[in-house]
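For reference, the structure discussed in these notes is given below.
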Amino acid sequence: MSEILTPEEIEWMLESGDDDLVELAKQWATLPYQYFQSRPDNEDLFDQQTSFIDDSKSRFSICLGGTGSGKTIAAAVKTANFLLGTRPPRARCPFWIVGETLEQICQVAWLEKLSQFITDSAIAQIAWHSYRRKWPRSVLLKNPYDPSDVGWVIEFKSYEQGLGSMKAASIGGYWCNEEIPYHMVFEIQGRCRDYNSPGWADFTPLECKDPEWPIAYELCQQNDPSAPKGWRFYHLNTECNEAVADWWIGYKKGIPTDTLELRQYGRFTNLSGTVYKEWNPARHIVEPFRIPHDWLKIRMIDFGFNNPFCCLWGARDHDGRWWIYDEHYESQKLNVHHAQKIGERNWQDGEPHFGQTFTDHDAQQRAELENYGIRCTPANKAINQGIEYIRTLMHVGADKLPSLVIFNTCRNLIREIPRYRWPDGTDQRNPRDVPMDVDNHALDALRYGLYSMKSAGAKLGVTTSQSHPGRSRVSEMFKRSRR
Numbered sequence: 000m001s002e003i004l005t006p007e008e009i010e011w012m013l014e015s016g017d018d019d020l021v022e023l024a025k026q027w028a029t030l031p032y033q034y035f036q037s038r039p040d041n042e043d044l045f046d047q048q049t050s051f052i053d054d055s056k057s058r059f060s061i062c063l064g065g066t067g068s069g070k071t072i073a074a075a076v077k078t079a080n081f082l083l084g085t086r087p088p089r090a091r092c093p094f095w096i097v098g099e100t101l102e103q104i105c106q107v108a109w110l111e112k113l114s115q116f117i118t119d120s121a122i123a124q125i126a127w128h129s130y131r132r133k134w135p136r137s138v139l140l141k142n143p144y145d146p147s148d149v150g151w152v153i154e155f156k157s158y159e160q161g162l163g164s165m166k167a168a169s170i171g172g173y174w175c176n177e178e179i180p181y182h183m184v185f186e187i188q189g190r191c192r193d194y195n196s197p198g199w200a201d202f203t204p205l206e207c208k209d210p211e212w213p214i215a216y217e218l219c220q221q222n223d224p225s226a227p228k229g230w231r232f233y234h235l236n237t238e239c240n241e242a243v244a245d246w247w248i249g250y251k252k253g254i255p256t257d258t259l260e261l262r263q264y265g266r267f268t269n270l271s272g273t274v275y276k277e278w279n280p281a282r283h284i285v286e287p288f289r290i291p292h293d294w295l296k297i298r299m300i301d302f303g304f305n306n307p308f309c310c311l312w313g314a315r316d317h318d319g320r321w322w323i324y325d326e327h328y329e330s331q332k333l334n335v336h337h338a339q340k341i342g343e344r345n346w347q348d349g350e351p352h353f354g355q356t357f358t359d360h361d362a363q364q365r366a367e368l369e370n371y372g373i374r375c376t377p378a379n380k381a382i383n384q385g386i387e388y389i390r391t392l393m394h395v396g397a398d399k400l401p402s403l404v405i406f407n408t409c410r411n412l413i414r415e416i417p418r419y420r421w422p423d424g425t426d427q428r429n430p431r432d433v434p435m436d437v438d439n440h441a442l443d444a445l446r447y448g449l450y451s452m453k454s455a456g457a458k459l460g461v462t463t464s465q466s467h468p469g470r471s472r473v474s475e476m477f478k479r480s481r482r
């Protein structure tokens with residue numbers, strides 16, 4: 000029983016006639032967190048409170064929230080759900096609450112938040128760090144499955160105590176309140192190995208003392224194989240928290256532009272110079288599926304040798320939405336090798352649903368590919384106009400779907416998008432500025448192809464999403480691919 004019981008389940012237990020079930024139902028029915036209502040997810044607004052609370056599969060779930068977004072109360076409810084609804088793997092099994100200082104974890108995490116959901120009826124005993132302040136050293140919980148014994152033992156740990164305080168034979172789970180030193184996560188997870196115990200964290204990355212955090216974030220968002228195993232990040236949006244709506248309107252007026260996303264969504268500050276701010280992996284990355292034969296397909300190529308050569312395959316559905324469904328990305332290889340790899344994918348020149356191959360302007364490179372049977376079209380390489388067009392495709396339309404979607408197998412394109420930045424981390428740009436020309440080979444290919452198609456759009460007869468009869472079918476396909 001790891002979820003909150005529904006009213007129907009509690010009613011059934013009360014009417015079961017089983018004394019143990021009736022007693023357990025009474026305990027559940029009076030718990031405050033039975034009445035906590037999490038905000039429904041709104042991924043377009045970077046608000047995922049419900050998904051964070053309900054995530055029972057991730058080894059480590061991290062809630063990045065803005066100031067006043069409700070991240071700590073969400074973590075407290077998640078903790079209460081776990082401790083009161085999960086059978087401990089052994090009697091007196093430790094569960095750690097970890098923070099920078101004892102004041103933070105005892106006063107805020109426990110006294111102001113978690114104790115509102117774990118009431119006296121669930122507590123067997125408290126050992127005090129400071130009885131006067133009501134700061135506990137440990138809280139022993141009754142075992143709801145064996146009332147004669149202690150189940151979970153909540154222990155409070157602070158980073159200022161050092162790693163010496165983090166010693167234990169094994170623990171059954173943990174909650175890190177506010178930013179934890181990156182290396183310490185792995186120290187704590189080492190104590191979870193016996194039970195494969197889960198953990199979670201909540202913080203606003205105001206200082207982001209460890210550069211590993213934004214790197215881990217990007218890797219997880221991209222489903223990169225090198226990402227920490229079992230980690231998942233969520234965002235909470237302060238603007239979605241009705242409890243602080245009036246305060247937030249005034250507060251955000253004084254926030255500098257380059258830190259607004261940090262304060263509102265909990266986004267890492269080193270993303271402030273990001274070019275594609277509309278990028279949201281939750282809505283732009285999907286599971287692969289078979290591309291319908293009647294969608295128009297194009298190829299997009301950025302040449303390279305020391306730098307990677309990249310070819311992307313894209314398909315435009317009948318609503319004008321682009322699906323990037325394959326990539327070839329490799330360095331230190333000659334064009335004959337790339338032509339072979341490209342030729343291994345299905346492509347039928349002359350067939351009406353197979354379009355052009357847009358490439359960089361290097362005449363020699365294009366001539367070599369054409370000698371190997373790949374007909375090339377010089378792309379429209381306008382940088383800033385192309386970027387603005389890609390950004391418009393990333394926006395969510397009236398049908399609640401973006402116009403650019405990428406299969407999760409296109410790992411290099413997905414990796415490059417959040418790292419594409421304006422110089423010096425600036426949030427605003429001079430019209431003459433261009434993004435940093437680093438690690439952008441898949442992005443250049445994407446821009447070549449899609450902006451070239453846009454430039455020639457008058458000739459292509461795009462059917463609008465409002466009128467095409469296949470619109471509902473595509474919407475359903477999109478939803479299935481995200482499950």
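Residue numbers (numbering that gives the first Met the number 0): 0 to 482.
Glycine included, each C-beta is placed from N, C-alpha and C at the ideal position.
Taking only the alpha-carbon atoms, compute the straight-line gap between R136 and S157 and give it to the nearest angstrom. Stepping through the sequence shown from its first residue, residue 136 is reached at position 137. Stepping through the sequence shown from its first residue, residue 157 is reached at position 158. Rounded to whole angstroms, R136 to S157 spans 11 Å at the Cα level.
When the Cα atoms are used, what is the spatial distance from G272 to E217? Against the sequence shown, residue 272 aligns to sequence position 273. Against the sequence shown, residue 217 aligns to sequence position 218. Cα to Cα, G272 sits roughly 15 Å from E217.
State the beta-bridge partners of I297 as determined by DSSP. Taking the first residue of the sequence shown as 1, we reach residue 297 at position 298. Beta-bridge pairing links I297 to G313.
Cutting at 7 Å between CB atoms, please list the residues of its own chain near C239, excluding the five before and the five after it. Taking the first residue of the sequence shown as 1, we reach residue 239 at position 240. Taken in chain order, the residues that qualify are R38, N41, L44, D46.
Can you tell me whether I61 is buried or exposed? The criterion is at least 16 other CB atoms within 10 Å of its CB, across all chains shown. Looking up residue 61 in the sequence shown gives position 62. By the neighbour-count rule (16 or more Cβ atoms within 10 Å), I61 is buried.
Once the 5 residues before and after R315 are set aside, which same chain residues still bring their CB inside 7 Å of it? Working through the sequence shown from its first residue, we reach residue 315 at position 316. Answer for R315: W294, L295, W321, listed in chain order.
Which term fits R431, buried or exposed, when burial requires 16 or more other beta carbons within 10 angstroms of its beta carbon? Taking the sequence shown and counting its residues from 1, one reaches residue 431 at position 432. The pLDDT assigned to R431 is 45, lower than 50, so where the model puts this residue is not dependable; a value taken from the coordinates is nonetheless given after this. By the 16-neighbour rule on beta-carbons within 10 angstroms, R431 is exposed.
Where the alpha helix (DSSP H) through G354 begins and ends: In the sequence shown, the residue the question calls residue 354 occupies position 355. From DSSP, G354 is part of no alpha helix (DSSP H) but of the beta strand (DSSP E) over 353-358.
Exposed or buried, what is T358 when buried is set at 16 or more other beta-carbons lying within 10 Å of its beta-carbon? The count along the sequence shown starts at 1 and reaches residue 358 at position 359. That one is buried.
Over the uninterrupted beta strand (DSSP E) stretch that includes A219, give me the two end residues. Here residue 219 refers to the residue found at position 220 when the sequence shown is read from its first residue. Reading the sequence as shown, one finds Cys at residue 219 and not Ala. Per DSSP, C219 belongs to no beta strand (DSSP E); it is in the alpha helix (DSSP H), 211-220.
Just list the beta strand (DSSP E) runs in the stretch 98-179, keeping only unbroken ones of 3 residues or longer that don't cross its boundaries, in chain order. Whole beta strand (DSSP E) segments, 3+ residues: 122-129, 134-141, 149-157, 173-176.
Does the separation of the CB atoms of N334 and Q364 fall below 8 Å? As a working mapping, residue 334 is identified with position 335 in the sequence shown. As a working mapping, residue 364 is identified with position 365 in the sequence shown. The answer is yes: Cβ separation under 8 Å.
One or two residues paired with R504 in a DSSP bridge: One cannot answer for residue 504 here, as it falls past the ends of the chain, which runs 0 to 482.
Which whole-angstrom value describes the C-beta separation of A441 and L311, a residue pair presumed to lie in contact below a C-beta threshold of 8 Å? Here residue 441 corresponds to residue number 442 of the sequence shown, with the count starting at 1. Here residue 311 corresponds to residue number 312 of the sequence shown, with the count starting at 1. That belief holds up - the Cβ atoms of A441 and L311 are roughly 6 Å apart, short of 8 Å.
Decide yes or no for the touch test of the stretch 404-412 against the stretch 324-331: beta carbon pairs closer than 8 Å, at least 3 of them. Yes: the two stretches touch, three or more of their Cβ pairs being nearer than 8 Å.
Does DSSP classify R420 as helix, strand or coil? As a first step, residue 420 is located in the sequence shown; it is residue number 421 there, counting from the start. Here DSSP, grouped into helix, strand and coil, assigns R420 to strand.
Mind reading off the beta-carbon distance from I405 to I284? Whole number of angstroms is fine, and I expect it under 8 Å. Within the sequence shown, numbered from 1, the residue matching residue 405 stands at position 406. Within the sequence shown, numbered from 1, the residue matching residue 284 stands at position 285. About 6 Å; that satisfies the 8 Å criterion.
So, using beta-carbon positions, are I170 and F94 closer together than 8 Å? Counting from one through the sequence shown, the residue named residue 170 turns up at place 171. Counting from one through the sequence shown, the residue named residue 94 turns up at place 95. Yes.
Within 10 Å of its beta-carbon, does Q263 have 16 or more other beta-carbons around it, so buried, or fewer, so exposed? If you number the sequence shown from 1, residue 263 lands on position 264. So Q263 counts as buried.
Thinking C-beta only, is W174 closer than 8 Å to P489? For the chain, the structure presents residues 0 to 482; residue 489 sits outside this window and is missing.
Along the chain, where does the alpha helix (DSSP H) containing L368 start, and where does it finish? Here residue 368 corresponds to residue number 369 of the sequence shown, with the count starting at 1. Here the alpha helix (DSSP H) through L368 covers 362-370.
Less than 8 Å between the beta carbons of L259 and K70, yes or no? What you label residue 259 is simply residue 260 of the sequence shown in a count that begins at 1. What you label residue 70 is simply residue 71 of the sequence shown in a count that begins at 1. Not a contact, by the Cβ cut-off of 8 Å.
Give the straight-line distance between the Cα atoms of S147 and E22, rounded to the nearest whole angstrom. Taking the sequence shown and counting its residues from 1, one reaches residue 147 at position 148. Taking the sequence shown and counting its residues from 1, one reaches residue 22 at position 23. Using only the alpha carbons, I get a separation of about 14 Å.
Have a look at the DSSP bridge pairing and note the partners of I96. Working through the sequence shown from its first residue, we reach residue 96 at position 97. BP columns for I96 point to F155, W174.
Per DSSP, which residues does G272 bridge with? Please list them. Sequence index remark: in the sequence shown, residue 272 carries index 273 (1-based). Looking at the DSSP assignment, G272 forms no beta bridge with any residue, so it has no partner.
For P417, which residues in the same chain have their Cβ closer than 8 Å to its Cβ, ignoring the five residues on either side in sequence? The residue given as residue 417 occupies position 418 in the sequence shown. The answer, listed in chain order, is E217, Q220, Q221, L270, T273, Y275, W278.
Other residues of its chain near Y447: CB distance less than 6 Å, five sequence neighbours each side excluded: To locate residue 447, count along the sequence shown from 1; it is residue 448. Same-chain partners within the cutoff: M299, F357, A378.
Which two residues bound the contiguous beta strand (DSSP E) that contains H292? The residue given as residue 292 occupies position 293 in the sequence shown. Where H292 is concerned, there is no enclosing beta strand (DSSP E), given that its DSSP letter is neither H nor E.
CA-to-CA distance, E99 to I373, given in whole angstroms: Residue 373 sits at position 374 when you count from the first residue of the sequence shown. Residue 99 sits at position 100 when you count from the first residue of the sequence shown. Going from the Cα of I373 to the Cα of E99 covers about 59 Å.
Verify whether the separation of the beta carbon atoms of L113 and A79 is less than 8 Å. Residue mapping note: residue 113 aligns to position 114 of the sequence shown, counting from 1. Residue mapping note: residue 79 aligns to position 80 of the sequence shown, counting from 1. The answer is yes: Cβ separation under 8 Å.
Express the C-alpha separation of W421 and R428 in angstroms, rounding to a whole number. As a first step, residue 428 must be located in the sequence shown, where it is residue number 429. As a first step, residue 421 must be located in the sequence shown, where it is residue number 422. Low confidence applies to R428: its pLDDT is 48, below 50, so where it sits in the model is not reliable enough to give any reading.
Could you give the distance in angstroms between the alpha-carbon of V11 and the alpha-carbon of P180? Locating residue 11 in the sequence shown gives position 12, where the first residue counts as 1. Locating residue 180 in the sequence shown gives position 181, where the first residue counts as 1. Note on residue identity: the sequence assigns Trp, not Val, to residue 11. Straight-line Cα distance between these residues: approximately 45 Å.
Measure the alpha-carbon distance for N195 versus M393 and round it to whole angstroms. As a position in the sequence shown, residue 195 is number 196, starting the count at 1. As a position in the sequence shown, residue 393 is number 394, starting the count at 1. The straight-line gap from Cα to Cα measures roughly 38 Å.
Reduced DSSP secondary structure (H/G/I, E/B, other) of H234: In the sequence shown, the residue the question calls residue 234 occupies position 235. Strand.
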